[in-house]
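S.K.: Here's a structure for you.
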Amino acid sequence: MNHTDDKKNSDKFPEMANNQIGVIVVCPRDGDMTVYSAQSGIARLPVSLRRSWMSLGTFVNYDVIRQDTDSRAVWVVRRVENLGLLYEVIDDRMDSSKLLLSLYAVVNRVSLDARNAWLWNDIIGMYTQTVNRNFRRSL
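Numbering (my numbering), first residue to last: -7 to 131.
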């Protein structure tokens, strides 16, 4: 896909989306954060909206606006409201930047060839990759 195709595809995105429910998935010490919603996907949460209650795994209600860049359109958060921790956050002692949640979900699809799964619950959709070779055909 070339630069022109990317610009054409950005026209298919709406200008804004309101009342998204998502979770903070990237929370660096400084700079912009990243929020994920099953409805709108990934959005950039600007440092100017950062608040002390924001942390990895915090769920938020927010609005996004489309921002066109040179190569593609991206969502940028413009209003954010704290919904708290809707699921238990599990500490990953090996990598504190990873978000691990304990929750119930429905398996939508499994790819045995790629060893991946797509999970869904009422609030968030997830794509999971298996880390080890013990990917089983049954649950």
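No residue lacks a Cβ here, since even glycine has one placed at the ideal position from N, Cα and C.
1) To the nearest angstrom, report how far apart residue 60 and residue 36 are at their CA atoms.
2) Between the stretch 50 to 59 and the stretch 16 to 35, do at least 3 Cβ pairs fall closer than 8 Å?
3) Relative to the C-alpha of residue 6, which candidate in 88, 57, 38 has its C-alpha closest?
4) Beta-carbon within less than 7 Å of residue 153's beta-carbon, same chain only, minus the 5 sequence neighbours each way: which residues are those?
5) Curious, which full-length alpha helix (DSSP H) runs of at least 4 residues does the stretch -1 to 53 contain?
6) At the level of alpha carbons, what is the spacing between residue 45 and residue 102?
7) CA-CA distance, residue 94 and residue 72?
8) Since residue 74 sits in a beta bridge, which residues does DSSP pair it with?
M.R.: This is what the structure gives:
1) For the purposes of this step, residue 60 is identified with residue 68 of the sequence shown, where counting begins at 1. For the purposes of this step, residue 36 is identified with residue 44 of the sequence shown, where counting begins at 1. C-alpha separation (whole angstroms): 13 Å.
2) yes
3) By one-based count along the sequence shown, residue 6 stands at place 14. Taking only the C-alpha atoms, the option nearest residue 6 is 57.
4) Since the first residue of the chain shown is -7 and the last is 131, residue 153 is not available in this structure.
5) none
6) Here residue 45 refers to the residue found at position 53 when the sequence shown is read from its first residue. Here residue 102 refers to the residue found at position 110 when the sequence shown is read from its first residue. Each residue's Cα considered, the two are about 36 Å apart.
7) For the purposes of this step, residue 94 is taken as the residue at position 102 of the sequence shown. For the purposes of this step, residue 72 is taken as the residue at position 80 of the sequence shown. Their Cα atoms are separated by approximately 24 Å.
8) Translated into the one-based positions of the sequence shown, residue 74 becomes position 82. According to DSSP, which records beta bridges pairwise, residue 74 is partnered with 52.
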